[in-house]
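Comments concern the structure below.
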Amino acid sequence: MNQETVAATRDFMLLLSPTPRGARLARLLAAEQLRSWGILSDAATQVIAELAANAATHGRVPGRNFRLTLNVVGDTLRVEVTDTRRERLPAAQHPCAEEESGRGLLIVEALADRWGVSSDVVPRKTVWAEITVPGL
946 MNQETVAATR DFMLLLSPTP RGARLARLLA AEQLRSWGIL SDAATQVIAE LAANAATHGR
1006 VPGRNFRLTL NVVGDTLRVE VTDTRRERLP AAQHPCAEEE SGRGLLIVEA LADRWGVSSD
1066 VVPRKTVWAE ITVPGL
């Protein structure tokens, strides 16, 4: 592996409790990691916050953590959030105007270049999003 390939790839991974506090820590620690990599992207921070909040809200299984992984290859940031509720697959929905929640994946869809869900070894699933970060 040459030196150029090593410098172009960055990885970060956290295990967090599937609670509002865990989701908040995911956002704060990931934002700090992105800053250390020179990535100043409100869109990336918002996508991380939404996916972590979904894992804490909809992917929660007592005693099981969720995993946040960030990978940067070239000018693409890939955000992955893995939880242990494989049977609860996410889908972007259009809630009524009166609803106070339910817009997280619409925000992800609007901010990310692409997003999706990957099935993992039972009982896990990974929700991922990719964002182009120019100037890396």
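Under our numbering, the first residue of the sequence shown is numbered 946, with each subsequent residue one higher. Glycine residues also receive a C-beta, built at the ideal position from the N, C-alpha and C atoms.
Of the residues Ala-1057, Thr-1029, Val-1017, the one whose Cα lies closest to the Cα of Ile-984 is Val-1017.
In this structure, Ala-968 sits away from Ala-988, with a CB-CB distance that is not shorter than 8 Å. Secondary structure note for Thr-1014: its beta strand (DSSP E) is the uninterrupted segment 1011-1018. Counting along the chain, the unbroken beta strand (DSSP E) around Asp-1028 starts and ends at 1021-1028. Short of 7 Å from the beta carbon of Asp-1058, and not among the five residues preceding or following it, lie these beta carbons of its own chain, in chain order: Glu-1075, Ile-1076, Thr-1077. It is roughly 28 Å from the alpha-carbon of Leu-1056 to the alpha-carbon of Val-1006.
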